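Notes follow the structure.
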Amino acid sequence: MNYKMMGRFVGRILLVEAVFMVPAMLISLWEKEYASVRGFFWGITATVAVAGLLALFCRGVKNKFYAREGLVCVGLSWIVMSLLGAIPFCASGAIPDYIDAFFEIVSGFTTTGASILPTVEDLPKGILYWRSFSHWLGGMGVLVFLLAITSAGRNDSGYTMHLLRAESPGPNVGKLVPRMRQTASILYLLYIVLTVINIIFLLIGRMPLFDAVCTAFGTAGTGGFGIKNDSIAGYSPYIQNVCTVFMLLFGVNFSCYYLLLIRQFKRMFRDEELRMYLGIVVGSTVLIALNLRGFYGTLGETLRHAAFQVASIITTTGFATTDFDLWPGFSKAILLCLMVVGASAGSTGGGFKCGRLLLVIKSLRRSVRRVVHPQRVQVVRSNGQPVDEKILQNTNAYLAAYAIITGVSFLLVSIDGFSITTNFSAVLSCFNNIGPGFEMVGPTCNYGAYSAFSKLVLIVDMLAGRLEIFPILILFSRSTWTRR
Amino acid sequence: MKIIIAGDGKLGSVLARQLSAEDNDMTLIDYNPRVLESSEERYDVMVVQGNCASMEVLLQAGVKEANLLIAVTGVDEINLLCCMTAHGLNPEIHTIARVRNPEYADQIYEMRNMFALSMSVNPERQAATEIERLLKYPGFLKRDTFTKGRVEIVELRIDEDSKLCNVALNDMNSVVKCQILVCTVLRNGTAVTPNGNFVLREGDRIFVTAPTDSLTVLLKNLGIITHKVKQVILCGGGRVSFYLAKLLQNSGINVQIIEENEERCNQLAALLPSACITQGDASSQFLLESQGISDCDALVAMTGLDELNIIISLYGVSCGVPQVITKLGHMDNTNILGSLSLGSVISPKELCCNTIVRYVRAMKNQTGAALTVHTIADGQAEAMEFLVDHNTLHCGKALKSLRLKKGVLVACIIRGERREIPNGDSCFNSGDTVIIVTDSGKGIYQLNDIFE
Numbered sequence: 001m002n003y004k005m006m007g008r009f010v011g012r013i014l015l016v017e018a019v020f021m022v023p024a025m026l027i028s029l030w031e032k033e034y035a036s037v038r039g040f041f042w043g044i045t046a047t048v049a050v051a052g053l054l055a056l057f058c059r060g061v062k063n064k065f066y067a068r069e070g071l072v073c074v075g076l077s078w079i080v081m082s083l084l085g086a087i088p089f090c091a092s093g094a095i096p097d098y099i100d101a102f103f104e105i106v107s108g109f110t111t112t113g114a115s116i117l118p119t120v121e122d123l124p125k126g127i128l129y130w131r132s133f134s135h136w137l138g139g140m141g142v143l144v145f146l147l148a149i150t151s152a153g154r155n156d157s158g159y160t161m162h163l164l165r166a167e168s169p170g171p172n173v174g175k176l177v178p179r180m181r182q183t184a185s186i187l188y189l190l191y192i193v194l195t196v197i198n199i200i201f202l203l204i205g206r207m208p209l210f211d212a213v214c215t216a217f218g219t220a221g222t223g224g225f226g227i228k229n230d231s232i233a234g235y236s237p238y239i240q241n242v243c244t245v246f247m248l249l250f251g252v253n254f255s256c257y258y259l260l261l262i263r264q265f266k267r268m269f270r271d272e273e274l275r276m277y278l279g280i281v282v283g284s285t286v287l288i289a290l291n292l293r294g295f296y297g298t299l300g301e302t303l304r305h306a307a308f309q310v311a312s313i314i315t316t317t318g319f320a321t322t323d324f325d326l327w328p329g330f331s332k333a334i335l336l337c338l339m340v341v342g343a344s345a346g347s348t349g350g351g352f353k354c355g356r357l358l359l360v361i362k363s364l365r366r367s368v369r370r371v372v373h374p375q376r377v378q379v380v381r382s383n384g385q386p387v388d389e390k391i392l393q394n395t396n397a398y399l400a401a402y403a404i405i406t407g408v409s410f411l412l413v414s415i416d417g418f419s420i421t422t423n424f425s426a427v428l429s430c431f432n433n434i435g436p437g438f439e440m441v442g443p444t445c446n447y448g449a450y451s452a453f454s455k456l457v458l459i460v461d462m463l464a465g466r467l468e469i470f471p472i473l474i475l476f477s478r479s480t481w482t483r484r
Numbered sequence: 001m002k003i004i005i006a007g008d009g010k011l012g013s014v015l016a017r018q019l020s021a022e023d024n025d026m027t028l029i030d031y032n033p034r035v036l037e038s039s040e041e042r043y044d045v046m047v048v049q050g051n052c053a054s055m056e057v058l059l060q061a062g063v064k065e066a067n068l069l070i071a072v073t074g075v076d077e078i079n080l081l082c083c084m085t086a087h088g089l090n091p092e093i094h095t096i097a098r099v100r101n102p103e104y105a106d107q108i109y110e111m112r113n114m115f116a117l118s119m120s121v122n123p124e125r126q127a128a129t130e131i132e133r134l135l136k137y138p139g140f141l142k143r144d145t146f147t148k149g150r151v152e153i154v155e156l157r158i159d160e161d162s163k164l165c166n167v168a169l170n171d172m173n174s175v176v177k178c179q180i181l182v183c184t185v186l187r188n189g190t191a192v193t194p195n196g197n198f199v200l201r202e203g204d205r206i207f208v209t210a211p212t213d214s215l216t217v218l219l220k221n222l223g224i225i226t227h228k229v230k231q232v233i234l235c236g237g238g239r240v241s242f243y244l245a246k247l248l249q250n251s252g253i254n255v256q257i258i259e260e261n262e263e264r265c266n267q268l269a270a271l272l273p274s275a276c277i278t279q280g281d282a283s284s285q286f287l288l289e290s291q292g293i294s295d296c297d298a299l300v301a302m303t304g305l306d307e308l309n310i311i312i313s314l315y316g317v318s319c320g321v322p323q324v325i326t327k328l329g330h331m332d333n334t335n336i337l338g339s340l341s342l343g344s345v346i347s348p349k350e351l352c353c354n355t356i357v358r359y360v361r362a363m364k365n366q367t368g369a370a371l372t373v374h375t376i377a378d379g380q381a382e383a384m385e386f387l388v389d390h391n392t393l394h395c396g397k398a399l400k401s402l403r404l405k406k407g408v409l410v411a412c413i414i415r416g417e418r419r420e421i422p423n424g425d426s427c428f429n430s431g432d433t434v435i436i437v438t439d440s441g442k443g444i445y446q447l448n449d450i451f452e
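These protein sequences, in sequence, are chains F and X.
All residue numbers for the first sequence refer to the numbering used here, where the first residue is 1 and numbers rise by one.
All residue numbers for the second sequence refer to the numbering used here, where the first residue is 1 and numbers rise by one.
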């Protein structure tokens, strides 16, 4: 394996991270929060130092990625990035325990939004900004950002396809345009434009600028770190509705927006995944609203809360406008199912992904038909195109890995002795990058009660969920580290 | 520039690599998802799976915005249909089709008009022409052409008894008595740009710029015995062999083809009445000897297997055949072949790729990129052809008054019919074509790059 090349690449990612810590430090400086300024100073120093050492030791190597290097590189960069990104929390004294700080930043980068903090309102502004910004960066992916700004995708290193595949969610990642750099730039441009529109809409609702920016970051990355203890509940109904719409928008495959941009409306609205995603959202909202009759004062309020919670859970954001832990069992069951479904492939959301679910259902239908007509030749189609057998195989393998990891983590987390609902929803919530679960990890509670070991298990779950399992799983495989 | 390549085979993937490295937006179309996957991983390209002649697939590949379509699938008819469909969808598009069936070879000029092709390529025929050119002037190790074959850079070896041995370049004109310029000398493995006082020694390999029609004079005056090739053995009876045999027949050379497949032998015998077709295994030394390898003038190894071709050539060289030519199909690892004495090496794929790349560069030439690039002197130097246009600096100034970068040599100035080997008083004007020779890796992409 080409360790030097990987080292150089991780170094570059850290440099990007260090640059992004600077605005957070400036905000702290502006707000005269000197403890967090010190925290960010140490964070930046450490990150730059590690990046410098990596650059020094890994000079002059060929820039070629093969499947294995690509996957390992993505897994390692996310871990190293999180290890260093936790330093500001720790050094500023906001979250003194390093494991807790690590949990918090991983939860940020993976756009989970699960917190170990009981109250967030008394955190320094700079720290709050860094927490929310980690969502934004993690949402589209820091490697994709690197591909957009560097010339790594040029000339003989067309090998960057593995990086895009490893970091972008979905069963079948492709380019939008022939050039990797342009593809990455288009994705980030769409992302930035949507975020800015979101901020503008929030500002129209009289939200303070800082709150608007942080909330927009949380929405864009489908993360869910709020800057208020009650998440979004304290804001006006207008702001809650804006959040609902934008959460749903960020849960759509970004290639749909590209199709919109090049005026291929038909192809966009014929997209099976988009239809399924919207269908699930509307269906669940209606069902929950029916189930909640009499729970809130008016029908409008019921619908607003139902739609907000459905959007928040299916896009794996994890904001809350109400304590849905108090809802009746059927509504909670729907939310639990939505946790697993997740957003669309190619969006910033997590979870199993609608597109994958569609493929699993279709291949299941094929297997059932095969029992009845063993001789019948059947091809699974998606959007009218035959789906490659390899993709189906990978999807089924993904389902298996998904189930096994959920099961094992559930067992490990249960050692702490909390209730089954708490543990199961905590694992699902972290693994699918949502944030809140039920009971002890419900929307009004936090993950602080878990032991350090359970937190580490949940950290691995979050990373595995965000990077779609394989880049993390491959780090634990012996054949990765042996010579070919 | 936006380019679509239909057919991701050997040629398609080489083109994808070369053209995407030259900053073009490439889209590949192929039926086979496996090859597409590997191309997508290796090069910065987009891929579309499907039939390249279908409108839907072409539209998906962005034919409406594309500037050029290159159809290089394995089937001529699909290539033609693909170009025609693309042209129907986007009348502005340039199209290049690979057509290699010998039955179409004679009507290709008419077909170009009928199918609205900008260019058609036939790698096998091109390789045959290239081999024939080498066989015609057996003294040269390599010939690279510029300005559509009117000027060449040829490679010569200085032997002990050569008339040029121990001659300074200033005195060379009295020996060769024609307009030539020695642009690079390869001595002991390093390339040197010589000046007038440079004295040639035994074992040097020199690269000479000369107008094509003075090559015969050059050979005669150098006293290189052009033992005219009379007897050639071709190992392998593929399409290149067929084209080559036809060309050689026309120049009255005896051709002997050794081919293993009996059916193909019969076909060739019917198509080539005056050639001698032998059925048998060309790698068998007994067969080669019985066919008179020891007294033939040239041996061309062009079976379908590169390994076999190399073995045959090595055997030919060891038997003392004066000229040995090896055809290589895959050519991904030519650098490891340098130490083997294979004679001249020809790769149809590479030749064809160069032709297409040249066309692309010419299309882009509004920016002043090189029209033709040949690497010479074992890759240590490059010879490039540029068009002088109104953007070019220092037009009409004498060369001696210009400050050129170190290691840059103006090798030839072509103005209409005149081909001038420049001296200090020469100058170039808008509309001329110039040939520049430089050390490799100088980063010269435009004509203006040569000035300090």
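Ideal Cβ positions, reconstructed from N, Cα and C, are used throughout, including at glycine.
Values in this document were obtained by computation on a predicted structure and should not be read as measured data.
Taking a beta-carbon distance threshold of 7 Å, Asp25 of chain X counts as an interface residue toward chain F. Contact between Asp23 of chain X and Ile3 of chain X is absent: CB atoms are separated by about 11 Å, not below the 8 Å threshold. Rounded to whole angstroms, the separation of the alpha carbons of Phe295 of chain F and Asp230 of chain F is 19 Å. The beta carbon of Ala94 of chain F lies closer than 6 Å to those of Leu123 and Ile127 in the same chain, with the five residues before and after it left out. Of all alpha-carbon atoms in F:Ile405, F:Ala46, F:Val441 and F:Leu299, the one lying nearest the alpha-carbon of Thr421 of chain F is that of F:Val441. Near chain F, meaning a CB-to-CB distance below 7 Å, the residues of the segment 12–44 of chain X are Ser20, Ala21, Asp25, Met26, Thr27, Pro33, Glu40, Glu41, Arg42, Tyr43 and Asp44. Within chain F, the C-beta atoms nearer than 7 Å to that of Met46 of chain X come from Lys175, Val177 and Pro178, in chain order. Leu186 of chain X carries a strand assignment under DSSP once its states are collapsed to helix, strand and coil. For Glu382 of chain X, DSSP records a beta bridge to X:Thr375 and X:Thr438. With contact defined as three or more Cβ pairs closer than 8 Å, the segment 331–344 of chain F and the segment 270–284 of chain F are in contact. Following the DSSP letters along the chain, one finds Lys327 of chain X inside the beta strand (DSSP E) bounded by residues Gln323 to Lys327.
The alpha-carbon of Asn170 of chain X is positioned some 42 Å away from that of Gln249 of chain X. Between the alpha carbons of Gly320 of chain X and Ala270 of chain X lies a distance of about 32 Å. DSSP places Cys265 of chain X in the helix class (H, G or I) of the three-state scheme. Residue-level contact check: Met5 of chain F does not touch chain X, since none of the beta carbons of chain X fall below 7 Å from its beta carbon.
One alpha carbon belongs to Gln179 of chain X, the other to Pro211 of chain X, and they sit about 8 Å apart. Counting other Cβ atoms within 10 Å of its Cβ, Met114 of chain X stays below 16 and is therefore classed as exposed. Within the segment 132–220 of chain X, the beta strand (DSSP E) runs of at least 3 residues that lie entirely inside it are, in chain order, 142–146, 151–157, 181–187, 190–192 and 205–211.
When rounded, the separation of the alpha-carbon atoms in Leu194 of chain F and Phe201 of chain F is 11 Å. The Cβ atoms of Val99 of chain X and Gly7 of chain X do not sit closer than 7 Å to each other.
When 7 Å is used as the limit between beta carbons, Met161 of chain F is near these residues of chain X: Glu40 and Glu41, in chain order.
The secondary-structure analysis by DSSP pairs Lys2 of chain X across a beta bridge with X:Asp25.
If you draw a 10 Å sphere on the C-beta of Val345 of chain X, you find 16 or more other C-beta atoms in it, and that means buried.
DSSP places Ala114 of chain F outside both helix and strand once states are collapsed to three, so it counts as coil.
For Pro386 of chain F, the number of other beta carbons within 10 angstroms of its own is below 16, and it is reported as exposed. Counted as a single uninterrupted DSSP element, the alpha helix (DSSP H) harbouring Cys83 of chain X occupies residues Asp76 to Leu89. For Val232 of chain X, the three-state secondary structure derived from DSSP is strand. The alpha-carbon separation between Gln231 of chain X and Val255 of chain X amounts to approximately 6 Å.
Under the criterion of beta carbons closer than 8 Å, Val45 of chain X and Ile29 of chain X do not qualify as touching, at roughly 11 Å. Two segments are said to touch when three or more pairs of C-beta atoms, one from each, lie closer than 8 Å; by this definition the segment 465–479 of chain F does not touch the segment 308–326 of chain X.
In terms of Cα proximity to Leu335 of chain F, the closest of F:Gly355, F:Ala311 and F:Phe410 is F:Ala311. DSSP places Glu307 of chain X in the uninterrupted alpha helix (DSSP H) bounded by Asp306 to Ser318.
Distances from the alpha-carbon of Asp323 of chain F to those of F:Tyr398, F:Thr219, F:Asn446 and F:Ser132 put F:Asn446 closest. Chain-order list of chain X residues neighbouring Asp388 of chain F: Pro33, by C-beta distance under 7 Å. Counting C-beta pairs closer than 8 Å gives fewer than three between the segment 398–416 of chain F and the segment 79–86 of chain F, which falls short of the contact rule.
At a Cβ-Cβ threshold of 7 Å, Phe225 of chain F and Arg131 of chain F count as neighbours.
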